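Okay, structure first, notes after.
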Amino acid sequence: MGRSPKDIILEWIDYIPDSKLVGTFSNRIYKDSEMRLDSYITGEPGSPQCFNLQVQINNKCKNWSLRRLAVYLVAIALMPCDEPWTPEKVMMELKKTHIGGHIFHHRYVRGISKNWGL
């Protein structure tokens, strides 16, 4: 029996190299043929800035079950820019949003920091 999309996504998060999850982030942090981890800076002038870390499925993903999720963010973490996190904490936050069943449509992300009280 095949693995569920949830299991594949959680395993993919585990395999992100720790070296990619430290310091400041560029737009594309890590990618392979199935998924990618992107980063954007969020926050309005005068409010705290955050790194918005997003796991997304690639449109050309070979796994059909995953490809159906390509328009969604399958995991997301908001990391304060002035409070560095360990790679373990970043992975834990990404897994927590996925395990919790939060899957966000990409158009929703622009206002997510306001909705989460950041």
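The sequence shown begins at 0 in numbering that gives the first Met the number 0 and counts up one residue at a time. All residues carry an ideal CB built from backbone N, CA and C; glycine is no exception. All figures in this text were calculated on a predicted structure; none of them were measured in a lab.
Tell whether a beta-carbon distance below 8 angstroms holds between residue i and residue j.
{"i": "M78", "j": "C49", "result": "yes"}
{"i": "L52", "j": "I75", "result": "yes"}
{"i": "D17", "j": "P86", "result": "yes"}
{"i": "R35", "j": "N57", "result": "yes"}
What would DSSP say about residue i, mapped onto helix, strand or coil?
{"i": "V21", "result": "coil"}
{"i": "P4", "result": "helix"}
For residue i, which residues in the same chain have their Cβ closer than 7 angstroms to its Cβ, ignoring the five residues on either side in sequence?
{"i": "I12", "result": "V54, A74, M90, L93, K94"}
{"i": "D37", "result": "N26, R27, I28, Q53, Q55"}
{"i": "T96", "result": "A74, I75, A76"}
{"i": "V21", "result": "P86"}
{"i": "K19", "result": "I28, Y29"}
Taking residue i and residue j to be in contact with their CB atoms under 8 angstroms, please state how far apart those CB atoms are, rounded to whole angstroms.
{"i": "N62", "j": "I8", "result": "Actually they do not touch by this definition, with Cβ atoms about 10 angstroms apart."}
{"i": "E33", "j": "L65", "result": "6 angstroms"}
Only counting the same chain, and skipping five residues up and downstream in sequence, which positions put a Cβ closer than 6 angstroms to that of residue i?
{"i": "Y39", "result": "N51"}
{"i": "W84", "result": "M78"}
Excluding the 5 residues preceding and the 5 following residue i in the sequence, name in chain order all residues of the same chain whose CB lies nearer than 8 angstroms to its CB.
{"i": "F24", "result": "S38, F50, L52"}
Along the chain, which unbroken stretches of the alpha helix (DSSP H) at least 4 residues long are found entirely within the segment 4-92? 4-13, 63-66
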